[in-house]
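Notes to accompany the following structure.
In this note's numbering, the protein residues as written are 217 to 404.
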């Protein structure tokens with residue numbers, strides 16, 4: 217891929233186009249490649265989004281595996297783009313991307329969800345938690361498919377980043393950033 221010998225901006229990352237196989241993220245201008253998630257991971261993501269969608273407020277929409285510009289640096293500097301398992305964002309933001317290209321911006325996102333994969337526990341719980349909080353994303357959920365399936369919900373706590381509610385099994389009920397009830401047993 218062109219540009220891999222130097223740090224990339226968000227625009228340069230976008231210019232690379234879709235990657236096959238697997239997926240990529242941009243961290244500090246460095247392109248990180250990962251294999252595609254396992255089938256169980258993808259099934260859980262699909263099932264979670266299917267539960268979320270009918271509960272979303274009319275101004276929000278959800279999608280799986282889409283790039284988000286974390287907006288942590290100016291556009292001309294090496295960028296940060298993550299591809300959460302699920303993104304809930306302003307419906308207008310999805311329309312903007314569909315019509316004009318680009319990617320979702322952290323400032324347009326209400327919730328990101330990561331489903332823990334083998335080897336991603338630290339990245340999901342430490343690296344992404346810090347990046348999503350620094351980006352100002354109001355809510356972050358981490359789903360662990362290890363039995364019993366659990367969900368930890370994080371919400372912004374001002375200058376202190378995220379505060380978590382503790383791991384929940386069975387049924388998760390949220391009020392922020394929108395009201396939703398999720399049957400975690402249906403994800404496994």
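Glycine residues also receive a C-beta, built at the ideal position from the N, C-alpha and C atoms.
- Within the same chain, and ignoring the five residues on either side of residue 393 in sequence, the residues whose Cβ sits closer than 7 Å to its Cβ are 326, 327, 354, 355.
- For residue 336, there is no enclosing alpha helix (DSSP H), since its DSSP letter is neither H nor E.
- When C-alpha distances from residue 249 are compared across 257, 279, 256, 240, the shortest belongs to 240.
- Using a Cβ distance threshold of 7 Å, residue 288 and residue 278 do not count as a contacting pair.
- Annotation for residue 346: the continuous alpha helix (DSSP H) segment containing it runs 344-350.
- Cα atoms of residue 268 and residue 302: separation of roughly 10 Å, rounded to the nearest angstrom.
- For residue 262, there is no enclosing beta strand (DSSP E); the enclosing alpha helix (DSSP H) covers residues 255-268.
- When DSSP states are grouped into helix, strand and coil, residue 329 belongs to the strand group.
- For the pair residue 317 and residue 228, the Cα-to-Cα distance works out to about 13 Å.
- The C-alpha of residue 272 is placed about 14 Å away from the C-alpha of residue 308.
- Contact annotation: residue 294 and residue 244 have beta-carbon atoms nearer than 7 Å.
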